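Protein sequence lines correspond, in order, to chains A and B. By the numbering used here, the letter at position 92 of the first sequence is numbered 92, and the numbering carries on one by one without gaps. By the numbering used here, the letter at position 107 of the second sequence is numbered 217, and the numbering carries on one by one without gaps. Every residue, glycine too, gets a C-beta built ideally from N, C-alpha and C. Quick caveat: nothing in here was measured; it's all calculated off a predicted structure. Just below is one structure, and these are the notes that go with it.
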Amino acid sequence: ELKVEQNPLFLSMQEGKNYTIYCNYSTTSDRLYWYRQDPGKSLESLFVLLSNGAVKQEGRLMASLDTKARLSTLHITAAVHDLSATYFCAVVWGAQKLVFGQGTRLTINP
Amino acid sequence: DTAVSQTPKYLVTQMGNDKSIKCEQNLGHDTMYWYKQDSKKFLKIMFSYNNKELIINETVPNRFSPKSPDKAHLNLHINSLELGDSAVYFCASSQVGGIYTGELFFGEGSRLTVL
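Shown next, in the form of structure tokens:
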């Protein structure tokens, strides 16, 4: 059974700082996704990473994938308050089964 | 137009009752899912249908019965509701193959509270 673990689970940071969320998974997979969830809202797709070494960037967020290490990172650059949310990574396993990490609750303080 | 829509958004009911949540997607996707998000925000897949055929059925009590009348709809019926069923239930859809990457598109969620 695929296990997906995120680290840290809670992150409180100051505006303007940089930080990284880590996503480790236990078995080989060819696709990894990052999602954002605002409180009381649905999940919004941020990035789709399809191959080893893939890197995607959108604004202050950058995601990367190392399939050999079974590790993805979500890097936040010069954080702003609007980025406060819960971030999930999710990995495909088997027949279209998406297994989610526990989520990282990010709070960015002014 | 909402891509994946669920109804109702909120549902408060007594233990022992039976309730249904409906989901519709207008994205033309061939696969639909139900996920449960518990109070700790943990998301776990319950069911998946591909072109009306059940392909994933996780360890879910048989009080939960999904039904897919066509590939654009996936409903969830829950019998004999229990306190532990309180959660947010998310419907999602996806398409894999060709230019599609298989990412899930989620509905707004249906918050079920069992009293």
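DSSP state of residue i mapped onto helix, strand, coil
i      : result
B:G194 : helix
B:L225 : coil
A:D82  : helix
B:M156 : strand
A:L2   : coil
B:L164 : strand
A:Q102 : coil
B:A202 : strand
CB contact below 8 Å: residue i versus chain A
i      : result
B:E163 : no
B:S115 : no
B:L245 : Residue 245 of chain B lies beyond the stretch modelled for chain B, which goes from 111 to 225, so this question has no answer here.
B:K151 : yes
B:F200 : yes
B:I155 : yes
B:E134 : no
B:V206 : yes
B:G217 : yes
B:T141 : yes
B:S158 : yes
B:T223 : no
B:T112 : no
B:T123 : no
Test: residue i CB closer than 8 Å to a CB of chain B
i      : result
A:Y33  : yes
A:T86  : yes
A:F100 : yes
A:G103 : yes
A:S116 : Only positions 1 to 110 of chain A appear in this structure, which leaves residue 116 of chain A out of reach.
A:S42  : yes
A:V92  : yes
Own chain residues within Cβ distance below 7 Å of residue i, not counting five before or after
i      : result
B:N127 : L191
A:L83  : R60, I76, L106, I108
B:E134 : S115, A182, H183
Beta-carbon proximity list for residue i, same chain, < 6 Å, skipping 5 on both sides
i      : result
A:Y33  : V48, A90
B:L164 : none
A:N7   : Y22
B:L186 : I131, W144, P176
A:L71  : N24
A:M62  : H75
Beta-carbon proximity list for residue i, same chain, < 8 Å, skipping 5 on both sides
i      : result
B:K162 : S178, P179, D180, K181
B:L214 : Y143, A202, S203, S204
Contact test: residue i Cβ vs the ligand SAH heavy atom, cutoff 7 Å
i      : result
B:T223 : Of ligands this structure carries none, so the ligand SAH is not represented either.
Query raised in the report: Between the stretch 164–195 of chain B and chain A, which residues of the former have CB atoms less than 7 Å from a CB of the latter, in chain order?
Result: Taking 7 Å as the Cβ-Cβ cut-off against chain A, the residues of the stretch 164–195 of chain B that qualify are I165, I166.
Requested in this report: Kindly provide the ranges of any beta strand (DSSP E) runs that are 3 or more residues long and lie completely inside the stretch 10–98 of chain A, ordered along the chain.
Outcome: List check, beta strand (DSSP E) in window: 10–14, 19–25, 32–37, 43–49, 55–58, 61–66, 71–76, 85–93.
Query raised in the report: Which ranges would you report for the beta strand (DSSP E) in the stretch 113–140 of chain B if only whole runs of at least 3 residues count?
Result: If we require 3 residues or more, the beta strand (DSSP E) runs fully inside the stretch 113–140 of chain B come out as 114–117, 120–123, 129–135.
Query - Cβ-based contacts, 8 Å cut-off: residues of the stretch 47–70 of chain A near chain B - result: In summary, the residues of the stretch 47–70 of chain A whose CB is separated from some CB of chain B by less than 8 Å are V48, L50, in the order they occur in the chain.
Report task. Taking only beta carbons into account, state which residues of the stretch 3–33 of chain A come closer than 7 Å to chain B, listed in chain order. Result -> The residues in question are R31, Y33.
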